[in-house]
Amino acid sequence: MRTRAVPPAIKRKKKGEGQWALGYREPLNKNEENKKNDDGLNVRRRIIDVYSKAGFDSIDPADLRGRFRWYGLYTQRKPGIDGGKTGALEDEELDDRYFMMRIRIDGGQLSGAQLSTIADISTRYARGTADITDRQNVQLHWVRIEDVPAIWEALEAVGLHTMEACGDTPRTIIGCPLAGIAADEVIDATPQLRDIHDRYIGSAEFSNLPRKFKTALSGCTSHCTVHEINDIAFTGVVNEAGETGYQVYVGGGLSTNPMFAKSLGVFVKPEQAHEVWHGVTSIFRDYGYRRLRSRARLKFLMNDWGPEKFRELLEKEYLGYALPDGPEPAAPLARRDHVGIRPQQDGNFYVGFAPRVGRVNGELLGVIADLATRYGSGRVRTTIEQKLVILDVPEKNTEALADALAEHDLQVRPSTFRRQTMACTGIEYCKLAIVETKQRSMDLMDELEKRLPDFDQPLTINVNGCPNACARIQVADIGLKGQLVVDENGDQVEGFQIHLGGQLGASFGKKVRGLKTTSTGLTDYVERVVRNFDAQRTDGETFAEWVRRADEADLK
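Rendered as structure tokens:
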């Protein structure tokens, strides 16, 4: 009997990850090819000269679903398409002929004139729509391509813009809304935030990153900019010599593969911040993974390398000098949102208040701008918790302002549920969403206030319309991920997978086997689990701590 010879194993060449620094410059997917063909920043001129004049049908698809994002524009979801068709239809079937526009507000810093301008744009060009996002931006809807140049002209006249509010770029730099204001801040990060923005935003040097790049820069003792989940975060610290500066965290992000940022263990002087930001962003550009979009965020590179290797490369190849070791910041507060009436450094007060899950409108923004001018200096701040803060209010005006805000359902002393419920855009406008979120969250919030009027413990409820975690579901006490579920009649309906006990920097929410709810059953479920927590918690125990020790039956 003859035996067949076994051929030697073929040694397969490992696929590259598309890292430019290792020689992989050829486009590896449609997105990379599109960026190589033309820089996204170049689309501005086509919007002004061609598309706004010739209309929606004149727009090149590569611009429409790609480069438009470099200027904060996404086509919104066509009305009437249910969540079961998300991901099943082609882009052109989901696209409406209107746009979501994201106005970039670095540090959340707005003057009265800027807020009034946004209010006017919302009313004139966006059917009155406006949402405060969880990255301090304002999003408008129903924007026509014909109106985009006029909107840009109005924004730029007051120092605002939409450039790199989306796309594979350095997104809005989030900062503490009380930078330079809070009496207990470690450092005012405003000069460094503006320096980075002015040097690098809109530069071709960083207009083609592997994917989006999120920056946080803050000296806030509350850690309101959630440094744990940004691509790069500068967090205020004081070193052994008594100098103020920053610790740096790199590689955080959520979505379908959540990872916490890792500390580089350094001390960065304020004047070095832009160099360190430039170095880290350059590493992402040069070594970031471009082969697969699903692995193109900086967190994957950091996870593979580790902070020691990352720091070594940063210092040797990009900075040209070593950074000293630095301390870690103090622990954050239980609530990071700056809601309420609190003293400023200068003897005035700030007044933080809660819209309903960030949903406002042009008329209401105009009212807020007027109130900020009447009772303060006109300065307003957005927060990453979808809230707003009016600055520079004399103590004698604080209660009058609180009452005036309350007349418009803007609560300065909100319930836990109003204060700590967050929702993404949802199926109303978003092409990725599977379920409705904004109204569902508002209904949930209102009903919980009626059913649990005395509950006052910190408790975050984050509602997301899809798995992409725009509303940070994995780090919420109760995180709700939209999906289709089967109800008691066997019908497929809108619902949520439930994540419990997420905690920033410590742990992601626990998924209990089979724990899902329909949208109609959501309020009953949340009430039940909150009652269980309130009855069983020990003194000072957080919801996340309780979840880790609770019986599984009490979580259902």
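The sequence shown runs contiguously to residue 1113 in my numbering. Heads up, the beta-carbon is just placed ideally off N, CA and C, and yes, glycines get one too.
Inside the stretch 727–792, DSSP marks whole beta strand (DSSP E) runs of 3 or more residues at positions 727–731 and 770–775, from first to last along the chain. Per DSSP, the beta-bridge partners of Phe656 are Thr632 and Val700. Residue Ser839 holds the alpha-carbon nearest to the alpha-carbon of Tyr875 among Ala959, Leu1001, Ser839 and Arg848. Boundaries of the beta strand (DSSP E) harbouring Asn1019: Ile1018 to Asn1021, taken from the DSSP string.
Note on the stretch 954–981: whole beta strand (DSSP E) runs with a minimum of 3 residues are 978–980, in chain order. Under the criterion of beta carbons closer than 8 Å, Trp627 and Val600 qualify as touching, at roughly 6 Å.
Cβ neighbours of Gly836 within its own chain (closer than 6 Å, five residues either side excluded): Leu871, Tyr875 and Leu876.
Remark: C-beta atoms of Asp752 and Thr778 do not approach each other more closely than 7 Å. The C-beta distance from Ile1030 to Gly1066 rounds to 7 Å, short enough to fall under 8 Å. Per DSSP, reduced to three states, the secondary structure at Ala887 is coil, with no helix or strand assignment. For Thr930, the secondary structure class from DSSP, reduced to helix, strand or coil, is helix. Fewer than three beta-carbon pairs drawn from the stretch 654–669 and the stretch 1000–1016 are found closer than 8 Å, and the two stretches are therefore not classed as touching.
In the DSSP assignment, Phe1053 forms a beta bridge with Gly1039 and Thr1074.
The alpha carbon of Lys1068 has as its nearest neighbour, out of Phe1053, Thr1075, Asp691 and Arg868, the alpha carbon of Phe1053.
Within a 10 Å sphere around the beta-carbon of Val705 sit 16 or more other beta-carbons, which makes this residue buried. The shortest C-alpha to C-alpha distance from Tyr803 to any of Arg654, Met816, His784 and Arg701 is the one to His784. Of the candidates Leu667, Cys981, Arg892 and Lys593, the residue whose Cα lies closest to the Cα of Asp1034 is Arg892. For Gly685, the three-state secondary structure derived from DSSP is coil.
Here Pro618 is exposed: its Cβ has fewer than 16 other Cβ atoms, across all protein chains shown, within 10 Å. When the alpha-carbon of Val823 is set against those of Val795, Ile947, Glu956 and Val969, the nearest one is in Val795. Spatial neighbours of Gln902 in its own chain (CB-CB distance under 6 Å, excluding positions within 5 residues in sequence) are listed in chain order as Ala740.
Per DSSP, reduced to three states, the secondary structure at Ser615 is helical. The three-state secondary structure of Arg601, taken from DSSP, is helix.
Within the same chain, and ignoring the five residues on either side of Tyr1082 in sequence, the residues whose Cβ sits closer than 6 Å to its Cβ are Thr1074. Closest by C-alpha distance to Ile638, out of Leu717, Leu1016, Gly1078 and Ile991, is Ile991. Taking a 10 Å sphere around the C-beta of Arg854, we find 16 or more other C-beta atoms and assign the residue as buried. A Cβ-Cβ contact shorter than 7 Å links Ala818 with Gly809. Per DSSP, reduced to three states, the secondary structure at Thr838 is helical. Around the C-beta of Arg1106, fewer than 16 other C-beta atoms lie within 10 Å, and the residue is accordingly described as exposed.
Between the alpha carbons of Arg848 and Gly724 lies a gap of roughly 17 Å. Under the 10 Å beta carbon count, Tyr844 is surrounded by 16 or more other beta carbons and is classified as buried. Inside the stretch 890–917, DSSP marks whole beta strand (DSSP E) runs of 3 or more residues at positions 897–900 and 906–910, from first to last along the chain. For Asn954, same chain residues with a beta-carbon under 6 Å away, outside a window of 5 residues either side, are Tyr932 in chain order. Close CB contacts of Gly573 within its chain, under the 6 Å cut and outside five residues either way in sequence, are with Tyr581 (chain order).
For the pair Asp1048 and Gly1039, the Cα-to-Cα distance works out to about 16 Å. Restricting attention to Glu589, Met657, Pro1015 and Glu800, the CA atom closest to the CA of Tyr986 is found in Met657.
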